[in-house]
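One structure below.
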Amino acid sequence: MKPAEIRNLSFSYVEDGRPVLTVDQFDVEDGEVALVVGKSGGGKSTLVNCINGVIPHVFRGNEPDAVVVYGRRVKDTPLPQISTDVGTLLQDPETQVLNYTVEEEIAFGPENLCLPQQEIVARVEEAMQTTDITDLRERETYLLSGGELQRVALAAVLSMRPKLLIMDEPTSNIDPEGTARIFDTLTKLKGASTLLIVEHKLERALPFVDRVILVDQGKVVFDIPKAKMVDHLDKLVEAGIDVPEHYMFAKRFGMDPRDLEGIRKRVVSEGIQLEIPKRDNSGEVIMETQVKAEVPGKVLVDAGITLRRNQVLAVMGRNGAGKSTMLKGMMNFLEKEVDVEAKLVVSGVDLSRRPIQERGKYIAYVPQSFDLMLINKTVEDEISYSLRKRGEKNYSGKVDEFLGLFSLADLRKRDPLMLSVGQRRRVAMAAALSSGVKIAMLDEPTSGQDYYHKEVIGKELQMMKAKGNSFIIVTHDSKFVYRYADSVVVINQGRKVLEGTPEEVFKMSERYSIVPPTEYYLRSPELPLPVEAKRG
Amino acid sequence: MDPLLLLGENVFSILLFLFGLAFPIIILLGLIGLTGLREVTRYEKNDSFYYRLNPITKIALVITITGVAAVTIWWVGLLLALGSLATYLSLKEGKRKFALGSFICFSSTIGLLWTQAPITPYPFLQFAIYHVCSTSLTNITNLTPVWTWPQPAYSFLALLGYQPVLTSESLYYGLQIAVRAVAPTVCSLVLIMTSTPSDVLRALRKVKMPVQIIFALVVAMRTVPRIFDALNIAVRVQFMRGYGSNARGPVRLIYMAGAAFTGIIPAMAFLFRGARNTAISADTRAFRAFKDRTYLKPVTISRADYAVWAIIVVLIAFALFANYEGFGRSIYYAALGSSCSTSPGS
Chain A
1 MKPAEIRNLS FSYVEDGRPV LTVDQFDVED GEVALVVGKS GGGKSTLVNC
51 INGVIPHVFR GNEPDAVVVY GRRVKDTPLP QISTDVGTLL QDPETQVLNY
101 TVEEEIAFGP ENLCLPQQEI VARVEEAMQT TDITDLRERE TYLLSGGELQ
151 RVALAAVLSM RPKLLIMDEP TSNIDPEGTA RIFDTLTKLK GASTLLIVEH
201 KLERALPFVD RVILVDQGKV VFDIPKAKMV DHLDKLVEAG IDVPEHYMFA
251 KRFGMDPRDL EGIRKRVVSE GIQLEIPKRD NSGEVIMETQ VKAEVPGKVL
301 VDAGITLRRN QVLAVMGRNG AGKSTMLKGM MNFLEKEVDV EAKLVVSGVD
351 LSRRPIQERG KYIAYVPQSF DLMLINKTVE DEISYSLRKR GEKNYSGKVD
401 EFLGLFSLAD LRKRDPLMLS VGQRRRVAMA AALSSGVKIA MLDEPTSGQD
451 YYHKEVIGKE LQMMKAKGNS FIIVTHDSKF VYRYADSVVV INQGRKVLEG
501 TPEEVFKMSE RYSIVPPTEY YLRSPELPLP VEAKRG
Chain B
1 MDPLLLLGEN VFSILLFLFG LAFPIIILLG LIGLTGLREV TRYEKNDSFY
51 YRLNPITKIA LVITITGVAA VTIWWVGLLL ALGSLATYLS LKEGKRKFAL
101 GSFICFSSTI GLLWTQAPIT PYPFLQFAIY HVCSTSLTNI TNLTPVWTWP
151 QPAYSFLALL GYQPVLTSES LYYGLQIAVR AVAPTVCSLV LIMTSTPSDV
201 LRALRKVKMP VQIIFALVVA MRTVPRIFDA LNIAVRVQFM RGYGSNARGP
251 VRLIYMAGAA FTGIIPAMAF LFRGARNTAI SADTRAFRAF KDRTYLKPVT
301 ISRADYAVWA IIVVLIAFAL FANYEGFGRS IYYAALGSSC STSPGS
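For the record, the sequence lines run as chains A and B.
If you use our numbering, the first sequence closes out at 536, no skipped numbers anywhere.
If you use our numbering, the second sequence closes out at 346, no skipped numbers anywhere.
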């Protein structure tokens with residue numbers, strides 16, 4: 001029996017009626033590792049949800065007849081029954097973890113399977129060892145970092161011993177170190193389980209997979225062995241997938257894309273001039289800050305940053321390094337229990353002792369969970385909110401300007417919470433900047449976003465930078481930083497350990513788990529390749 | 001009447017009205033804060049007395065305290081609330097939990113008292129406190145006026161059900177109602193702070209509670225602390241965007257309450273999106289695959305449980321005794337009702 005067989009599927013959600021996924025034939029073979037790629041909203045999550053039974057058992061649809069998993073028709077098999085064969089790891093570890101202790105979370109599945117106690121103990125132990133989290137056994141889940149929590153979520157799925165493991169963007173919300181640990185676990189699982197991975201990080205996932213499937217606009221565009229992927233790069237680019245630049249050169253030179261060293265030598269020998277992102281760190285200093293935040297017995301952060309006009313400053317570091325704490329300390333967002341000493345001077349005005357409202361006149365803040373900003377009934381009300389609250393009278397022109405800048409004009413009367421993720425993020429960004437502040441802090445703006453949407457964010461930053469804005473962005477995404485940041489600060493254990501242009505920082509950033517993107521190495525042929533890049 | 005005096009009385013009346021509304025909010029947001037609320041609605045690992053108890057024992061204790069407080073004289077409820085509160089000192093970070101619990105007790109008492117006192121009809125107070133039957137809605141014989149709501153403030157307050165005169169008996173009656181409600185609240189929080197969802201799940205399955213109801217409880221236990229996290233961000237972002245720009249001091253707390261109110265919708269939308277994932281995560285891990293479950297750690301009954309069950313028996317016996325001796329509530333009112341029916345119009 002095959003892990004999954006789909007024949008003549010045309011799936012549409014009940015409330016919509018339009019087909020969102022059409023598949024003539026799709027099989028998953030036993031023991032293989034398949035990678036599903038595609039833009040957000042293209043249908044890749046729908047594809048895996050048809051296999052794991054979430055469709056039709058959670059999301060109702062029209063024609064789920066066509067899907068068979070391990071010989072059982074998904075439509076006729078209750079979801080809990082399907083889950084005895086098919087495990088699913090979701091994108092956001094926060095929302096998929098139910099229990100307060102790690103051990104209880106991992107035992108949850110085997111307990112549901114009515115296994116004897118000794119068997120549950122054995123499976124919990126095995127799953128913790130596979131995911132390398134035995135040291136977390138007694139910890140409370142809400143105290144774990146995103147990366148640790150995702151490994152706990154993975155262990156909780158593995159303890160079910162699924163024959164087919166589906167991973168739906170498992171590393172979208174976690175830092176590079178956490179991502180590396182998840183992929184380390186995948187290495188252990190390869191050969192032992194059948195894996196179906198949905199992942200934006202094509203370059204990162206490719207070494208582990210046998211087969212690549214591109215899903216776009218509700219169709220399987222191609223389904224090919226990995227070795228043939230180089231021949232289909234154009235289709236990936238067309239579909240808005242983040243294809244590593246050296247893959248394109250590999251195709252051009254007829255080389256193996258894993259041979260990054262050879263490719264960059266060839267680029268040099270061919271005399272190809274690669275465009276290097278421009279950095280602008282010449283503006284005057286508009287913000288200086290120093291934040292010390294501590295709880296009894298522990299300094300959470302003790303670091304400062306200097307921001308210049310028209311600058312995009314990236315703050316990087318491991319999960320828990322103190323990046324977000326520093327931002328929150330600047331804005332007086334930290335909880336009362338945290339002892340904060342913050343110096344904040346913006347354009348010569350000392351805001352250190354001013355309340356949040358005062359700081360908000362100079363600085364905007366967009367949290368990672370940007371939905372929490374959206375409190376108005378229409379998009380235009382959301383964008384005018386700050387202007388109205390600060391007593392501005394003639395704001396309609398400004399609202400129109402921001403609706404236009406962020407491509408929201410057609411949505412002006414819509415309820416912000418009813419929009420798509422990308423649209424909601426744009427509303428939040430426009431709402432934050434419309435009050436006329438010149439500094440914006442963005443907490444993990446690229447987290448969970450696909451390549452297309454990351455590029456949209458990057459373009460927005462460039463556009464607003466040209467209008468005189470400066471940005472501080474907390475991110476794990478080194479490729480985004482390389483493309484769009486002027487300067488980088490690396491925080492480690494609460495201290496600033498590196499500062500400079502992306503080129504300067506990436507020379508030494510690996511010791512802090514920040515892996516430079518391959519396009520940086522492609523433009524720096526004199527630098528030795530790190531282990532990660534050598535993996536290809 | 002002196003127009004200035006009338007104006008002063010009206011202003012004071014509005015302040016009294018706002019006091020009942022604002023004071024609990026000021027305590028909740030100013031002294032407890034959203035962080036504090038998160039702390040008292042979230043499990044933290046520890047091994048002191050409460051943490052070792054079987055959740056069924058804790059649930060039984062909550063139900064017993066609720067019942068005893070409901071059927072006995074008001075000060076029994078007060079004693080139970082204070083007793084339960086004192087046990088917070090045995091929790092992890094006990095002193096802080098005790099302080100937070102005290103603030104919750106205080107704000108709930110004031111809030112409930114002020115909700116009940118101004119609207120309780122006079123005949124009800126005369127029945128309950130002086131055992132006098134009256135059918136007149138305006139007769140305040142036997143009652144002690146504390147404050148007469150002046151016009152035009154009263155024309156607005158009457159729409160909210162306010163009686164024309166605030167009496168000391170109505171405040172006393174409001175206090176009785178409040179302390180009866182506070183005792184179960186304090187005790188319920190102990191259950192939430194000392195039990196994991198998994199504990200509750202296996203304990204309730206043991207008593208054959210339907211799995212759908214248990215799952216709703218489990219998700220709620222996991223979600224409630226997150227609500228406060230999400231609200232915390234929603235409130236601060238609104239302030240940053242200019243909400244309450246000119247507010248200072250305690251007035252800022254009123255704005256904070258307003259921001260929390262406005263932030264509820266995006267916070268809930270954010271959490272509901274997450275709750276869908278939680279449900280998928282449970283269902284794709286064979287939740288409800290079989291009628292029953294087995295457990296990593298079996299449900300045990302310890303000596304501590306026996307001790308609490310003994311306390312439960314004593315509390316029930318005490319409630320019966322108190323009612324028998326005239327310190328109950330249910331028999332008392334029933335008796336009043338019957339005596340009234342025999343003397344209409346008195």
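Even glycine gets a Cβ: it sits at the ideal position worked out from N, Cα and C.
**Prompt:** So which residues on chain A does residue 52(B) lean against when the C-beta distance must stay under 9 Å?
**Reply:** In the second sequence, the residue the question calls residue 52(B) occupies position 52. The contact set of residue 52(B) on chain A, defined by CB atoms closer than 9 Å, is empty, because the minimum CB distance reaches about 15 Å.
**Request:** Could you tell me whether the segment 295-302 of chain B touches the segment 33-49 of chain B, where touching means 3 or more Cβ pairs closer than 8 Å?
**Result:** Contact between the segment 295-302 of chain B and the segment 33-49 of chain B is absent, with fewer than three C-beta pairs closer than 8 Å.
**Message:** My output table needs one value for residue 441(A): the three-state DSSP class, helix, strand or coil.
**Reply:** Your numbering for residue 441(A) matches position 441 in the first sequence. Three-state DSSP puts residue 441(A) in a strand.
**Message:** List, in chain order, every chain B residue whose beta-carbon is nearer than 8 Å to that of residue 120(A).
**Reply:** Counted from its first residue, the first sequence places residue 120(A) at position 120. In chain order: 294, 295 and 296.
**Request:** Specify the secondary structure class of residue 2(A) as computed by DSSP and reduced to three states.
**Result:** For the purposes of this step, residue 2(A) is taken as the residue at position 2 of the first sequence. Three-state DSSP puts residue 2(A) in coil, outside helix and strand.
**Whole-angstrom distance between residue 158(B) and residue 2(B), CA atom to CA atom** = Locating residue 2(B) in the second sequence gives position 2, where the first residue counts as 1. Locating residue 158(B) in the second sequence gives position 158, where the first residue counts as 1. Roughly 23 Å between the two C-alpha positions.
**Request:** Label residue 380(A) either buried or exposed according to how many other C-beta atoms from any shown protein chain fall within 10 Å of its C-beta, with 16 as the threshold for buried.
**Result:** Residue numbering aside, residue 380(A) sits at position 380 when the first sequence is read from its first letter. Residue environment: residue 380(A) is assigned as buried (16 or more neighbouring CB atoms within 10 Å of its CB, all protein chains considered).
**Request:** Give the range of the beta strand (DSSP E) segment to which residue 45(A) is assigned.
**Result:** Position 45 of the first sequence, counting from 1, holds the residue named residue 45(A). If you look at residue 45(A), you'll find it isn't in any beta strand (DSSP E); it sits in the alpha helix (DSSP H) that goes 44-52.
**Asked** Taking Cβ positions only, does residue 82(A) come closer than 9 Å to chain B?
**Response** Working through the first sequence from its first residue, we reach residue 82(A) at position 82. Output row for residue 82(A): interface = yes.
**Asked** Which same chain residues, not among the five before or five after residue 208(A), have their C-beta less than 7 Å away from its C-beta?
**Response** The residue labelled residue 208(A) in the question sits at position 208 within the first sequence. Excluding five sequence positions before and after residue 208(A), the CB atoms of its chain that fall closer than 7 Å to its own CB belong to 33, 183, 186, 187 and 190, given in chain order.
**Message:** Just checking: is the beta-carbon of residue 446(A) within a distance shorter than 9 Å of some beta-carbon in chain B?
**Reply:** Start at 1 with the first residue of the first sequence, and residue 446(A) comes out as number 446. The Cβ of residue 446(A) sits no closer than 9 Å to any Cβ of chain B.
**Asked** What residues in the segment 100-128 of chain A bring their beta carbon closer than 9 Å to a beta carbon of chain E?
**Response** Absent from the structure: chain E. Protein chains present are A and B.
**Within 7 Å of chain A by C-beta, residues of the segment 221-245 of chain B in sequence order** = Considering only beta carbons, the part of the segment 221-245 of chain B lying closer than 7 Å to chain A consists of 222, 230, 233, 234, 236, 237, 238, 239, 240, 241, 242, 243, 244 and 245, in chain order.
**Request:** Just the C-alpha distance for residue 253(B) and residue 244(B), rounded to the nearest angstrom, thanks.
**Result:** Indexing the second sequence from 1 puts residue 253(B) at position 253. Indexing the second sequence from 1 puts residue 244(B) at position 244. Going by the C-alpha atoms only, they are around 10 Å apart.
**Asked** Alpha carbon to alpha carbon, how far is residue 155(B) from residue 10(B)?
**Response** Residue mapping note: residue 155(B) aligns to position 155 of the second sequence, counting from 1. Residue mapping note: residue 10(B) aligns to position 10 of the second sequence, counting from 1. Computed Cα separation, rounded: 11 Å.
**Item:** Where residue 149(B) sits in the DSSP three-state scheme
**Value:** Indexing the second sequence from 1 puts residue 149(B) at position 149. Judged by DSSP in its simplified three-state form, residue 149(B) adopts coil rather than helix or strand.
**Request:** Answer with buried or exposed for residue 46(A), where buried requires no fewer than 16 other C-beta atoms within 10 angstroms of its C-beta.
**Result:** Translated into the one-based positions of the first sequence, residue 46(A) becomes position 46. By the 10 Å Cβ count, residue 46(A) comes out buried.
**Asked** Applying a beta-carbon distance threshold of less than 9 Å, which residues of chain B neighbour residue 54(A)?
**Response** Sequence index remark: in the first sequence, residue 54(A) carries index 54 (1-based). Residues of chain B whose Cβ lies closer than 9 Å to the Cβ of residue 54(A) are, in chain order, 280, 283 and 284.
**Item:** Residues of its chain near residue 325(A), where Cβ-Cβ distance is below 6 Å and the 5 sequence neighbours each way are ignored
**Value:** For this step, residue 325(A) is matched to residue 325 along the first sequence. These residues qualify, in order along the chain: 293, 300 and 301.
**Item:** is_contact[residue 3(A), chain B] using C-beta, thresh 9 Å
**Value:** Locating residue 3(A) in the first sequence gives position 3, where the first residue counts as 1. No, because no Cβ of chain B sits closer than 9 Å to the Cβ of residue 3(A).
**Asked** Would you say residue 92(A) faces chain B, with C-beta separation under 9 Å as the test?
**Response** For the purposes of this step, residue 92(A) is taken as the residue at position 92 of the first sequence. Yes, because at least one Cβ of chain B sits closer than 9 Å to the Cβ of residue 92(A).
**Message:** Less than 9 Å between CB atoms is the rule here; does residue 247(B) satisfy it with respect to chain A?
**Reply:** For the purposes of this step, residue 247(B) is identified with residue 247 of the second sequence, where counting begins at 1. At a cut-off of 9 Å between beta-carbon atoms, residue 247(B) makes contact with chain A.
**Request:** Inspect the beta-carbon positions of residue 36(A) and residue 198(A) and report whether they are closer than 9 Å.
**Result:** As a working mapping, residue 36(A) is identified with position 36 in the first sequence. As a working mapping, residue 198(A) is identified with position 198 in the first sequence. In contact: residue 36(A) and residue 198(A) (Cβ atoms closer than 9 Å).
**Asked** Which ranges would you report for the alpha helix (DSSP H) in the segment 444-509 of chain A if only whole runs of at least 4 residues count?
**Response** Fully enclosed alpha helix (DSSP H) runs of 4 or longer: 451-466, 478-484 and 502-506.
**Message:** Helix, strand or coil for residue 92(B)? Go by DSSP, reduced to three states.
**Reply:** Along the second sequence, one-based indexing puts residue 92(B) at 92. DSSP places residue 92(B) in coil when its eight states are reduced to three.
**Prompt:** Quick one: does residue 123(B) have its CB under 9 Å from some CB of chain A?
**Reply:** Position 123 of the second sequence holds residue 123(B). Cβ-Cβ to chain A under 9 Å: no for residue 123(B).
**Asked** Would the beta-carbon of residue 537(A) fall within 9 Å of that of residue 87(A)?
**Response** Since the first residue of chain A shown is 1 and the last is 536, residue 537(A) is not available in this structure.
**Request:** Check the Cβ-Cβ distances between residue 323(B) and every residue of chain A, and say whether any is below 9 Å.
**Result:** The count along the second sequence starts at 1 and reaches residue 323(B) at position 323. Closer than 9 Å: no.
**Request:** Would you kindly report the start and end of the unbroken alpha helix (DSSP H) that includes residue 211(B)?
**Result:** In the second sequence, counting from the first residue as 1, residue 211(B) sits at position 211. Residue range 211-240 is occupied by the alpha helix (DSSP H) that includes residue 211(B).
**Asked** If residue 109(A) sits next to residue 147(A), beta carbons under 8 Å apart, how far is it from one beta carbon to the other, in whole angstroms?
**Response** Numbered from its first residue, the first sequence carries residue 109(A) at position 109. Numbered from its first residue, the first sequence carries residue 147(A) at position 147. Not quite, the Cβ-Cβ distance comes to about 21 Å (not below 8 Å), so this is no contact.
**Request:** Would you mind reading off the limits of the alpha helix (DSSP H) that contains residue 357(A)?
**Result:** If you number the first sequence from 1, residue 357(A) lands on position 357. Following the DSSP letters along the chain, one finds residue 357(A) inside the alpha helix (DSSP H) bounded by residues 356-359.
**Asked** Could you give the residue range of the alpha helix (DSSP H) that holds residue 365(A)?
**Response** Reading the first sequence from its first residue, position 365 is the one you call residue 365(A). In the DSSP assignment, residue 365(A) falls outside any alpha helix (DSSP H) and lies within the beta strand (DSSP E) extending over 363-366.
**Message:** Here's a check: name, in chain order, each residue in its chain whose Cβ is nearer than 7 Å to the Cβ of residue 495(A), leaving out the five neighbours to either side.
**Reply:** In the first sequence, the residue the question calls residue 495(A) occupies position 495. So the qualifying residues of the chain are 302 and 303.
**Asked** Which value, in whole angstroms, describes the spacing of the CA atoms of residue 5(A) and residue 201(A)?
**Response** The count along the first sequence starts at 1 and reaches residue 5(A) at position 5. The count along the first sequence starts at 1 and reaches residue 201(A) at position 201. Taking the straight line from one Cα to the other gives about 26 Å.
**Asked** In whole angstroms, what separates the C-alpha of residue 192(A) from that of residue 155(A)?
**Response** The residue you call residue 192(A) lines up with position 192 of the first sequence. The residue you call residue 155(A) lines up with position 155 of the first sequence. Cα atoms of residue 192(A) and residue 155(A): separation of roughly 15 Å, rounded to the nearest angstrom.
**Request:** Reducing DSSP to helix, strand and coil, say where residue 331(B) ends up.
**Result:** Residue numbering aside, residue 331(B) sits at position 331 when the second sequence is read from its first letter. Any reading at residue 331(B) must be qualified, since the residue scores a pLDDT of 44, below 50, and its modelled position is unreliable; the value itself is stated next. The answer is helix: DSSP assigns residue 331(B) an H, G or I state.
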